[in-house]
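Notes for the one structure printed next.
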Amino acid sequence: MSQLQPLTQLQQVTEPLLNVQEMQFWLNKAVAWGQADSPDAQKDTCLHLSRLSSYLQHLLTHINNMSSTTETMKRLPFLGQFLGRLCWNPYVTADDTNRRLLFQCLWGLYSEHPSNAVERKANQWIRKVLCQLATEEDDAAALALMKCVGVPPKDYHLKVLRKMVASLQENIGKSCNSLGKINQRCSCDSVLATSEACVPLVTCPEAAPLIGALLQRPATCVRAALSEDFLDALSSAYSSQSLSLEEQAVVSLWYHSLSSLEEAVLSLLESVLTRTGSTAQKQVAQSLLPKACAQHCSIFLVVNDIFRSFLKQTEGNECVKSLIQTFTSCFLREVALLQPQCVSLKAFFPQSPQALLAPLLTLPSEMPQEAWKHHLNWLSSSLQRLTEEEEEGDGDGSSGTKSDGHHKVFEAWFLLVQCAHWVQVTLQLLGTSGPEDCGPLLWLLTFYHHPTNRGHHRALQLVHVKEAWDHLRSLFLVLTRPLPVDHLHSLVTLLSPQPQQPSPSPFLILSLLVNFAVFSQQSPSGSTQILQTVVDRSGLVDEAVYVLSSLEFRLNEGSCLSSDANRVHLRIEALQNTLTRMHAV
Numbered sequence: 002m003s004q005l006q007p008l009t010q011l012q013q014v015t016e017p018l019l020n021v022q023e024m025q026f027w028l029n030k031a032v033a034w035g036q037a038d039s040p041d042a043q044k045d046t047c048l049h050l051s052r053l054s055s056y057l058q059h060l061l062t063h064i065n066n067m068s069s070t071t072e073t074m075k076r077l078p079f080l081g082q083f084l085g086r087l088c089w090n091p092y093v094t095a096d097d098t099n100r101r102l103l104f105q106c107l108w109g110l111y112s113e114h115p116s117n118a119v120e121r122k123a124n125q126w127i128r129k130v131l132c133q134l135a136t137e138e139d140d141a142a143a144l145a146l147m148k149c150v151g152v153p154p155k156d157y158h159l160k161v162l163r164k165m166v167a168s169l170q171e172n173i174g175k176s177c178n179s180l181g182k183i184n185q186r187c188s189c190d191s192v193l194a195t196s197e198a199c200v201p202l203v204t205c206p207e208a209a210p211l212i213g214a215l216l217q218r219p220a221t222c223v224r225a226a227l228s229e230d231f232l233d234a235l236s237s238a239y240s241s242q243s244l245s246l247e248e249q250a251v252v253s254l255w256y257h258s259l260s261s262l263e264e265a266v267l268s269l270l271e272s273v274l275t276r277t278g279s280t281a282q283k284q285v286a287q288s289l290l291p292k293a294c295a296q297h298c299s300i301f302l303v304v305n306d307i308f309r310s311f312l313k314q315t316e317g318n319e320c321v322k323s324l325i326q327t328f329t330s331c332f333l334r335e336v337a338l339l340q341p342q343c344v345s346l347k348a349f350f351p352q353s354p355q356a357l358l359a360p361l362l363t364l365p366s367e368m369p370q371e372a373w374k375h376h377l378n379w380l381s382s383s384l385q386r387l388t389e390e391e392e393e394g395d396g397d398g399s400s401g402t403k404s405d406g407h408h409k410v411f412e413a414w415f416l417l418v419q420c421a422h423w424v425q426v427t428l429q430l431l432g433t434s435g436p437e438d439c440g441p442l443l444w445l446l447t448f449y450h451h452p453t454n455r456g457h458h459r460a461l462q463l464v465h466v467k468e469a470w471d472h473l474r475s476l477f478l479v480l481t482r483p484l485p486v487d488h489l490h491s492l493v494t495l496l497s498p499q500p501q502q503p504s505p506s507p508f509l510i511l512s513l514l515v516n517f518a519v520f521s522q523q524s525p526s527g528s529t530q531i532l533q534t535v536v537d538r539s540g541l542v543d544e545a546v547y548v549l550s551s552l553e554f555r556l557n558e559g560s561c562l563s564s565d566a567n568r569v570h571l572r573i574e575a576l577q578n579t580l581t582r583m584h585a586v
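For the sequence shown, the residue numbers in our numbering are 2 to 586.
Now the structure itself:
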């Protein structure tokens, strides 16, 4: 190619920062060197590397002082050709300093939001250059250099990639410098360009440090956005397990990518719902999602919306409710570890009735056991008032009032599901309470299992639940044999769905049965016999196993307490052994 034309245009418009004659000198050199495929070109390139570094540093300062790529290209119309020629010269790019400066010049020319054809074309060209430099395509000049220095191609390309990653990582680590300098380029502008360049590298282990640095860079500037293509590539690679990320980088990926976060939540839901009992709950406890939610309120709000939607679709499925409770319990533990850096819990629960928020989020272990019953009575009366207001709204006939009432009751119930440690305490107390104390507790338990009051059947369901509790209390108070047959028969009947009748949830009655067996004063053998008889006749062995394993998990995780832990765990173990034998048969 012939010598480039003299830069008369540059003489007219370039600021004194760049010497026109020096620019012309380096343009001529870049053309003469080509791809350094002759001994003379190689020798001359090596002789000028030090001076070239100084000039590229000078050029980088000039680029960074320009307000846009369009202005830069207007003042330096041959800049792209000059940088491109240097990038294809392996003797230039093999030098650490020159390669780093070339990359920085390219980042300086990349437009985060291209406003015209010039900037769009420049972006395409820059991406092409970066991808070319980072791949192992056969290049005659590079192969000649490898042969000359005795380096295998794979090692050469890996070293180039590592050095490029280190250079980019250093560049994006610079603090934001746009404050108060409207017309000056910001160091954050390189973030988008760097993330674009990383798209073909997301599965390369050598690029992991740069990917982590990009994801975890503080979002202090609107110009520090990450490429959507980069985030999509990361999400796809991570979900297919072809990319390994550090824990905090995964959290940052979820923070930046809504699709990646949604996929993680749905994957957790799917995997948990295919398991049962404590196995599923342990999987939730081991998930990184609760920790991510505690660190970023926005992540928690998304996760909570997915849970809310899923709970509505499954109409209060017990496995889904258990998952949500376990997740919330893990989340609250992570929040406690972050205090006082964590934001107020009110920010995490904006839709919940604020009067119920603190009382429900308080753990039973955070107050004396003597106060539990009073606390639950208050919760029960507060929730009853909400449901009464909902029913009054239904009577008004106003769609707005009706909708608002339904929303308040659902959000109160959803919060109760999240904080179901108080439901477990309710069951525990019902296993040891007398008839004068059971009214508010039974109402709370019925509301937990039947929040919608479809067909206005809540009152009738409450009657059936009270009936089941009476039968259970009579059975577990009997210390002699044989067991009262009428009470056993009535319980089995209540556990069997009745056609066209508002039957209580079998899980509600099973939960009462299991908690009576664990916490009552009945002997271990008597409790085991009652449980075995009722479960066997109702055909609900699997469901009883699930309820018992869930109770054990709640007690072990510490969200609920017992004053006689050793006795309780021995009884649970005996009941589990019985149910296991029944399941095997």
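We put the beta carbon where it would ideally sit given N, CA and C, even for glycine. Being a predicted model, the structure only gives us computed values, none of them experimental.
Below 8 Å, too few C-beta pairs join the stretch 420 to 435 and the stretch 451 to 468 to call them touching: fewer than three. Pairing leucine 302 with tryptophan 255, the inter-Cα distance amounts to about 12 Å. Under the three-state reduction of DSSP output, leucine 541 falls in the coil class, being neither helix nor strand. By alpha-carbon distance to glutamine 370, the top candidate from Gln36, Gly81, Ile531 and Gln429 is Gln429. Burial check for glycine 540: the Cβ neighbour count within 10 Å stays below 16, so the residue is exposed. Within the stretch 37 to 77, the runs of alpha helix (DSSP H) that reach at least 4 residues and sit entirely inside it are, in chain order, 40 to 65 and 70 to 76.
The closest CA to that of serine 260, considering only Val285, Ile300 and Ala226, is found on Ile300. Within a 10 Å sphere around the beta-carbon of alanine 214 sit 16 or more other beta-carbons, which makes this residue buried. Within the model, the alpha-carbon separation for leucine 480 versus threonine 427 is close to 24 Å.
Inclusion of leucine 532 and tryptophan 470 in the CB contact set at 8 Å is not warranted, their separation being larger than that value. Cβ neighbours of leucine 549 within its own chain (closer than 7 Å, five residues either side excluded): Val515, Ile573, Leu576, Gln577 and Leu580. In the DSSP assignment, phenylalanine 308 falls within the alpha helix (DSSP H) that extends over 298 to 314.
Between leucine 193 and serine 236, the beta carbon gap of about 17 Å keeps them out of contact (Cβ cut-off 8 Å). If you check the CB distance, histidine 570 and valine 546 do not come in under 8 Å. Its chain contains Pro441 as the residues whose beta carbon lies nearer than 7 Å to that of serine 382, once the 5 sequence neighbours on both sides are disregarded; these appear in chain order.
The Cβ atoms of alanine 413 and leucine 473 lie no closer than 8 Å to each other.
Close CB contacts of serine 54 within its chain, under the 7 Å cut and outside five residues either way in sequence, are with Thr98, Asn99 and Leu102 (chain order).
Taking a C-beta distance under 8 Å as the contact criterion, leucine 338 and valine 285 do not qualify as a contact pair. For the alpha helix (DSSP H) assignment, the uninterrupted runs of no fewer than 4 residues enclosed by the stretch 458 to 519 are, from N- to C-terminal side, 459 to 478 and 486 to 496.
Take the alpha-carbon of serine 258 and the one of serine 310: they are about 20 Å apart. The three-state secondary structure of aspartate 96, taken from DSSP, is coil.
In the three-state reduction of the DSSP assignment, alanine 226 falls in the coil class. With respect to the 8 Å criterion, glutamate 335 and alanine 295 are classified as neighbours on the basis of their beta carbons.
At least 8 Å separates the beta-carbon of threonine 62 from that of asparagine 90. In the three-state reduction of the DSSP assignment, methionine 583 falls in the helix class.
Taking C-beta separations shorter than 8 Å and ignoring five residues to either side along the sequence, the partners of leucine 463 in its chain run Leu443, Trp444 and Thr447, following chain order. Rounded to the nearest whole angstrom, the C-alpha separation of glutamine 36 and arginine 86 is 8 Å. Rounded to the nearest whole angstrom, the C-alpha separation of asparagine 66 and phenylalanine 26 is 22 Å. Here valine 304 is actually not in contact with leucine 289; their C-beta atoms are around 12 Å apart, not less than 8 Å.
Glutamine 523: not part of any alpha helix (DSSP H); DSSP gives it neither H nor E. Here DSSP, grouped into helix, strand and coil, assigns cysteine 331 to helix. No Cβ-Cβ contact shorter than 8 Å links glutamate 391 with lysine 374.
Closest in alpha carbon position to valine 273, among Val321, Gln22, Val200 and Gly317, is Val321.
Taking a C-beta distance under 8 Å as the contact criterion, valine 535 and leucine 478 do not qualify as a contact pair. Counting every other CB atom within 10 Å of its CB across the protein chains shown gives valine 344 a total below 16, marking it as exposed.
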